[in-house]
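K.L.:
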Amino acid sequence: MSTSDVLDQLSTVIEPDIQRDIVSLGMVRNLNIDDASVTFTLAMPVYNSPHADSLVEQAKAAAQQVSGIESVSVEWIVDVPTNPEVHGRSDVPARHLIAVSSGKGGVGKSTVSANIATALAQAGAAVGLMDADILGPNLPTIMGVQRLPPPTPQKLVPAETHGLQLISMGFLVDRDKPLIWRGPMLHQAIRQLFVDVAWAELEYMIIDLPPGTGDAQLTLAQIVPLTGAVIVTQPQEVALSDARRGLAMFETVEVNVMGVVENMAGDLFGTGGGETFAAEKGVPFLGRVPLDAQIRVGGDSGQPVVVAAPESEAAEAFRQIAHRIAVQASAMALSEDDDAIPLTTIG
């Protein structure tokens with residue numbers, strides 16, 4: 155009986171979302187053999203994994219196959235693996251930077267950003283939400299907070315709301331006066347939201363981009379390593395045509411497209427267009443959010459629907475979308491095709 159014997163058996167256990175064995179993913183921690191007893195920890199790569207209990211039982215059963223072992227004890231934790239391109243970057247406050255984009259305005263992109271971020275925070279993750287829509291910031295209203303805490307001598311302090319950290323240009327300018335800025339000013343403002351804010355150590359940062367394919371999108375792709383981008387669209391063709399341009403823009407600047415969210419689905423705008431678009435482009439379909447008055451009410455009152463109506467169909471849709479994004483982020487960080495950082499090296 156040896157450590158390698160136990161690891162050989164544990165390598166037969168497959169993590170269902172990432173479809174690789176728990177040993178090669180670095181999920182097995184603190185393996186200890188004491189006489190006929192084995193103890194170890196399983197590090198789950200995402201929060202709220204529906205497979206956690208099953209993986210623990212499978213790992214126990216696998217370890218007990220080793221001759222001479224009489225008892226196996228397993229505990230599990232969550233440890234989100236880091237995008238390898240983030241390591242060593244002092245200007246990147248999160249393990250994963252995920253941009254939420256749309257080809258046009260009015261498709262609910264900011265609402266999707268707010269609910270995805272809040273759902274991740276509800277699951278237990280350390281989350282930041284950045285309003286990079288510099289000229290039209292809406293997240294302070296959607297998230298129910300209108301001012302920042304007092305700054306430190308060196309940096310701004312992000313607002314804290316619904317279990318996450320939030321920064322927005324909406325906190326810094328008169329809400330009734332328009333910002334009329336050229337590209338270089340937008341570029342500098344977005345950069346400052348990263349480096350001039352005292353972010354806590356984050357696992358995910360959701361970045362709400364302005365609509366279209368302009369300076370903000372290009373700036374973000376140039377200055378920080380994005381894990382990927384999420385495209386938000388309504389089901390009807392007029393929205394999909396703009397979503398196609400948005401997706402093509404991210405492909406051009408070599409940002410991974412994590413998938414498509416179909417928002418406002420139902421009788422008014424139809425159903426299925428976003429899913430068809432995702433299939434057409436060969437990217438994941440992350441989920442469909444129904445057109446629901448509770449979403450609008452929650453946004454107007456500063457209570458995202460995952461907070462205001464957690465049992466609703468819309469809230470469940472947002473939770474599922476957030477989970478699929480988190481799974482993709484971890485899978486990409488642990489990709490065998492890249493210089494992945496194993497879970498065992500994450501502190």
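First residue of the sequence shown? That's 155 in the numbering used here, and the numbers climb one at a time after it.
Glycine included, C-beta positions come from ideal geometry on N, C-alpha and C.
Since the model is a prediction, treat every value here as computed from it, not as a measurement.
Quick one: using the 10 Å Cβ neighbour count with 16 as the cut-off for buried, is residue 422 buried or exposed?
P.N.:
Indexing the sequence shown from 1 puts residue 422 at position 268. Label assigned to residue 422: exposed.
K.L.:
On a CA-only basis, which of 210, 395, 473 is nearest residue 432? Give me that one, please.
P.N.:
Position 278 of the sequence shown, counted from the start, is the residue given in the question as residue 432. Residue 432 has its Cα closest to that of 395, out of 210, 395, 473.
K.L.:
Decide if residue 312 is buried, meaning its Cβ has at least 16 other Cβ atoms within 10 Å, or exposed.
P.N.:
Position 158 of the sequence shown, counted from the first residue, corresponds to residue 312. Per the 10 Å Cβ criterion, buried.
K.L.:
For residue 451, count neighbouring C-beta atoms within 10 Å of its own C-beta (all shown protein chains included) and say buried if the count is 16 or more, exposed if not.
P.N.:
In the sequence shown, residue 451 corresponds to position 297, counting from 1. Burial call: exposed.
K.L.:
Spatial neighbours of residue 388 within its chain, please: CB distance less than 7 Å, with the 5 preceding and 5 following residues excluded, ordered by chain position.
P.N.:
Here residue 388 refers to the residue found at position 234 of the sequence shown. The residues are 261, 417, 418, 423.
K.L.:
Could you name the residues of the same chain whose beta carbon sits closer than 7 Å to that of residue 240, not counting the 5 residues immediately before and after it, in chain order?
P.N.:
By 1-based counting over the sequence shown, the position of residue 240 is 86. Here the set comprises 246, 249, 379.
K.L.:
Residue 364 to residue 319, Cα distance in whole Å?
P.N.:
The residue you call residue 364 lines up with position 210 of the sequence shown. The residue you call residue 319 lines up with position 165 of the sequence shown. Roughly 19 Å between the two C-alpha positions.
K.L.:
Can you grab the Cα-Cα spacing for the pair residue 415 / residue 467, in whole Å?
P.N.:
Reading the sequence shown from its first residue, position 261 is the one you call residue 415. Reading the sequence shown from its first residue, position 313 is the one you call residue 467. Going from the Cα of residue 415 to the Cα of residue 467 covers about 15 Å.
K.L.:
Could you have a look at residue 423 and say whether DSSP puts it in helix, strand or coil?
P.N.:
The residue labelled residue 423 in the question sits at position 269 within the sequence shown. In this structure, residue 423 counts as coil in the three-state DSSP scheme.
K.L.:
Report back the beta-carbon spacing between residue 403 and residue 371 to the nearest angstrom; my notes put them in contact at under 8 Å.
P.N.:
Working through the sequence shown from its first residue, we reach residue 403 at position 249. Working through the sequence shown from its first residue, we reach residue 371 at position 217. Confirmed, about 6 Å.
K.L.:
Under 7 Å, do residue 271 and residue 187 count as touching if we go by C-beta distance?
P.N.:
In the sequence shown, residue 271 corresponds to position 117, counting from 1. In the sequence shown, residue 187 corresponds to position 33, counting from 1. Taking 7 Å as the Cβ cut-off, residue 271 and residue 187 do not qualify as a contacting pair.
K.L.:
Just verifying my parser: in three-state terms, what is the DSSP assignment at residue 336?
P.N.:
By 1-based counting over the sequence shown, the position of residue 336 is 182. Any reading at residue 336 must be qualified, since the residue scores a pLDDT of 48, below 50, and its modelled position is unreliable; the value itself is stated next. It is coil, neither helix nor strand.
K.L.:
Let's test the definition: count the other Cβ atoms within 10 Å of the Cβ of residue 309 and tell me whether it reaches 16, buried, or not, exposed.
P.N.:
Numbered from 1 along the sequence shown, position 155 holds the residue referred to as residue 309. Exposed.
K.L.:
If you run the structure through DSSP and keep just helix, strand and coil, what is residue 249?
P.N.:
Your numbering for residue 249 matches position 95 in the sequence shown. Correct three-state label for residue 249: strand.
K.L.:
Who are the Cβ neighbours of residue 306 in its own chain at under 8 Å, not counting the five residues just before and after it?
P.N.:
Locating residue 306 in the sequence shown gives position 152, counting from the first residue. Counting only Cβ-Cβ distances below 8 Å, and skipping sequence neighbours, we find 352.
K.L.:
Looking only at its own chain, which residues have a Cβ that is under 6 Å from the Cβ of residue 257, when we skip the five neighbours before and after it?
P.N.:
Locating residue 257 in the sequence shown gives position 103, counting from the first residue. 396, 397, 399, 400.
K.L.:
For residue 362, name the three-state secondary structure that DSSP assigns.
P.N.:
Working through the sequence shown from its first residue, we reach residue 362 at position 208. It is a strand residue.
K.L.:
Could you give the first and the last residue of the continuous beta strand (DSSP E) run that contains residue 100?
P.N.:
The shown model of the chain, from 155 to 501, leaves out residue 100, and the question about it has no answer.
K.L.:
Are residue 383 and residue 409 touching if we call contact CB-CB under 7 Å?
P.N.:
To locate residue 383, count along the sequence shown from 1; it is residue 229. To locate residue 409, count along the sequence shown from 1; it is residue 255. Against a cut-off of 7 Å, the Cβ pair of residue 409 and residue 383 comes out as a contact.
K.L.:
Return helix, strand or coil for residue 237, following the three-state DSSP convention.
P.N.:
Numbered from 1 along the sequence shown, position 83 holds the residue referred to as residue 237. In the structure shown, residue 237 sits in coil (DSSP, three-state: anything other than H, G, I, E or B).
K.L.:
Please report the distance separating the alpha-carbon of residue 324 from that of residue 358.
P.N.:
Looking up residue 324 in the sequence shown gives position 170. Looking up residue 358 in the sequence shown gives position 204. Spanning the two alpha carbons is a distance of roughly 21 Å.
K.L.:
Are the Cβ atoms of residue 205 and residue 170 separated by less than 7 Å?
P.N.:
Here residue 205 refers to the residue found at position 51 when the sequence shown is read from its first residue. Here residue 170 refers to the residue found at position 16 when the sequence shown is read from its first residue. Closer than 7 Å, so yes.
K.L.:
Measure from the alpha carbon of residue 346 to the alpha carbon of each residue in 297, 314, 288, 354, then state which is nearest.
P.N.:
Locating residue 346 in the sequence shown gives position 192, where the first residue counts as 1. Closest option to residue 346, Cα to Cα, is 288.
K.L.:
List, from N- to C-terminal side, the beta strand (DSSP E) runs of 3 residues or more that fit wholly inside the region 185-218.
P.N.:
If we require 3 residues or more, the beta strand (DSSP E) runs fully inside the region 185-218 come out as 191-198.
K.L.:
Is the beta carbon of residue 226 sitting closer than 7 Å to the one on residue 182?
P.N.:
Mapped onto the sequence shown, residue 226 falls at position 72. Mapped onto the sequence shown, residue 182 falls at position 28. No, the pair does not count as a contact, with Cβ atoms beyond the cut-off.
K.L.:
When DSSP labels each residue in this structure, what does residue 181 get in the three-state scheme?
P.N.:
In the sequence shown, counting from the first residue as 1, residue 181 sits at position 27. Coil.
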